[in-house]
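Student:
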Amino acid sequence: MEKIKVGIVGSAGYTGGELLRILIYHPQVEIVFANSASNAGNKLSDVHNDLFGDTDLTFSSDFHSDIDVLFLCVGHGDAKKFLDANPVDPAVKIIDLSQDYRLRANTAFGGKNFIYGLPELNREAIRSAYYIANPGCFATNIQLALLPLASKGLLPEQLHVNATTGSTGAGQKPSATTHFSWRNNNLSAYKSFDHQHLQEISESLDQLQSGFLPQGSGSLLERAAEKINFVPQRGDFARGIFSAIYVDSDLTEEEAYALYDAYYETHPFTHVSKANIDLKQVVNTNKSIIHLEKHGNKLLILNATDNLLKGASGQAVQNMNLMFGLDEKTGLNLKSVGF
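Each step along the sequence shown adds one to the number in UniProt numbering, with nothing skipped, and position 108 is 108.
(1) Among 216, 9, 295, which residue has its Cα nearest to the Cα of residue 38?
(2) Assign residue 22 to one of three DSSP states: helix, strand, or coil.
(3) Output yes or no for whether 9 Å exceeds the beta carbon distance between residue 267 and residue 123.
(4) Residues in the same chain with beta-carbon distance under 6 Å from residue 245, minus the five sequence neighbours each way, listed in chain order, please.
(5) DSSP puts residue 96 in a beta bridge; with which residues?
(6) For residue 281, write down the residues that DSSP places opposite it in a beta bridge.
(7) Between residue 312 and residue 20, how many whole angstroms is the CB-CB distance? I'm expecting something under 8 Å.
(8) For residue 36 versus residue 65, is the C-beta distance shorter than 9 Å?
(9) Please state the DSSP three-state secondary structure of residue 243.
(10) For residue 13, which of 177, 74, 335, 316 has the nearest alpha-carbon?
(11) Between which two residues does the beta strand (DSSP E) holding residue 298 run?
(12) Under 8 Å, with one C-beta from each stretch per pair, do the stretch 107 to 118 and the stretch 45 to 53 reach the 3-pair mark?
(13) At the level of alpha carbons, what is the spacing between residue 30 and residue 4?
(14) Below 8 Å on the Cβ atoms is my contact criterion, and I expect residue 195 with residue 230 to pass it. Report the Cβ-Cβ distance as a whole number of Å.
(15) Does DSSP classify residue 102 as helix, strand or coil?
(16) With DSSP collapsed to three states, give me the class of residue 168.
(17) Kindly list the residues whose CB is nearer than 8 Å to the CB of residue 367, restricted to its own chain and excluding five residues on each side of it in sequence; keep chain order.
(18) Whose CA, out of 57, 147, 139, lies closest to the CA of residue 169?
(19) Taking residue 345 as the reference, give the member of 262, 136, 252 with the closest Cα.
(20) Judging by CA-CA distance, which residue of 17, 319, 72 is the nearest neighbour of residue 57?
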């Protein structure tokens with residue numbers, strides 16, 4: 001097949017850089033432009049230093065529709081602004097890594113709808129989609145930990161989630177809580193019980209277990225928080241998400257493993273491990289690894305995911321592969337670094 005012509009907007013940030021690292025070596029991709037107004041004319045390796053020797057491509061301020069797929073690696077709220085200001089040919093497929101089109105109320109665009117791009121939930125819909133809303137990083141990790149239970153209507157009234165993310169989850173722009181002197185040897189909680197990713201998590205779980213999301217007059221975030229007790233934490237490492245989730249469950253440990261193994265049997269990037277897991281198993285990969293334990297009537301679900309890959313750019317490429325009829329693992333056979 002002819003190579004897929006790719007354009008990237010917002011290619012100087014963390015997710016844009018990860019996308020470039022994957023696509024430069026993707027066997028079926030030609031990068032047509034890497035848009036960055038502030039870096040136009042500079043080599044990609046001037047910003048993403050690790051690409052020195054790998055590519056002579058330069059950043060461009062240009063944008064056009066002579067491409068097959070457009071990746072939007074821009075800040076939340078900026079994807080919609082960009083598409084409103086820059087008409088895109090209807091034949092061009094779009095994968096948006098921001099949160100602008102993830103929720104049911106915001107999916108409409110150009111006479112079509114954005115499909116929520118979690119392959120383990122919507123793989124067949126993604127194959128035929130024109131527009132993909134790539135999931136958030138915390139949302140990806142937590143949903144993958146809970147989808148098998150939701151698929152059988154086994155989510156209880158209350159879910160308890162503690163998840164720690166690396167500093168890259170806050171984006172490239174420096175802030176007080178990403179500053180090395182503050183982050184190093186430190187740990188803190190933030191947005192407890194009202195993190196914005198609760199909205200997409202609750203809608204996906206409700207898709208599989210109808211009625212999980214409470215109805216009522218409250219906002220989507222308020223209704224989601226009634227069911228999901230989520231305490232996010234900032235870790236003193238650069239990348240990755242490790243979550244510890246517990247729910248009341250009548251399943252035995254063996255039954256839980258059978259359920260999770262069956263659900264993920266055909267999904268190549270999500271794995272279920274009977275041995276305990278750690279974050280380094282998944283960092284620098286598009287994998288998510290889940291471990292289960294039963295303690296009394298509590299089912300403990302541990303999940304490790306790379307926030308920049310399976311939680312962002314790797315999953316975006318996985319979605320592109322599905323949209324263009326490729327094996328979803330193409331270009332994504334990445335290995336973690338053990339030490």
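We put the beta carbon where it would ideally sit given N, CA and C, even for glycine. Owing to the predicted nature of the structure, the values given are computational and were not obtained by experimental measurement.
Tutor: Well, looking at it:
(1) In the sequence shown, counting from the first residue as 1, residue 38 sits at position 38. Among 216, 9, 295, the Cα nearest to that of residue 38 belongs to 9.
(2) For this step, residue 22 is matched to residue 22 along the sequence shown. Helix at residue 22.
(3) Along the sequence shown, one-based indexing puts residue 267 at 267. Along the sequence shown, one-based indexing puts residue 123 at 123. Yes, Cβ-Cβ distance for residue 267 and residue 123 is below 9 Å.
(4) Locating residue 245 in the sequence shown gives position 245, where the first residue counts as 1. Result list for residue 245: 145, 161, 301, in chain order.
(5) If you number the sequence shown from 1, residue 96 lands on position 96. According to DSSP, residue 96 bridges with 72, 133.
(6) Taking the first residue of the sequence shown as 1, we reach residue 281 at position 281. DSSP, once it has assigned bridges, lists no residue as partnering residue 281.
(7) One-based indexing of the sequence shown puts residue 312 at position 312. One-based indexing of the sequence shown puts residue 20 at position 20. Wrong, their Cβ atoms sit about 13 Å apart, outside the cutoff.
(8) In the sequence shown, the residue the question calls residue 36 occupies position 36. In the sequence shown, the residue the question calls residue 65 occupies position 65. No, Cβ-Cβ distance for residue 36 and residue 65 is not below 9 Å.
(9) What you label residue 243 is simply residue 243 of the sequence shown in a count that begins at 1. Looking at residue 243 - three-state DSSP - the assignment turns out to be strand.
(10) Taking the first residue of the sequence shown as position 1, residue 13 is located at position 13. Measuring from the Cα of residue 13, the nearest candidate turns out to be 74.
(11) For the purposes of this step, residue 298 is taken as the residue at position 298 of the sequence shown. That run of the beta strand (DSSP E) goes 298 to 305.
(12) no
(13) Counting from 1 along the sequence shown, the entry for residue 30 is found at position 30. Counting from 1 along the sequence shown, the entry for residue 4 is found at position 4. Spanning the two alpha carbons is a distance of roughly 6 Å.
(14) In the sequence shown, residue 195 corresponds to position 195, counting from 1. In the sequence shown, residue 230 corresponds to position 230, counting from 1. The Cβ separation is near 6 Å, so the contact holds.
(15) What you label residue 102 is simply residue 102 of the sequence shown in a count that begins at 1. In this structure, residue 102 counts as coil in the three-state DSSP scheme.
(16) Translated into positions along the sequence shown, residue 168 becomes position 168. Reduced to three states, the DSSP call for residue 168 is helix.
(17) Summary: the structure shown does not reach residue 367, with the chain confined to residues 1 through 339, and so no result is reported for it.
(18) Indexing the sequence shown from 1 puts residue 169 at position 169. When each option's Cα is compared against that of residue 169, the closest is 139.
(19) Past the boundaries of the shown model lies residue 345; the chain is included only from 1 to 339, so the question cannot be answered.
(20) For the purposes of this step, residue 57 is taken as the residue at position 57 of the sequence shown. Of 17, 319, 72, the residue nearest in Cα terms is 17.
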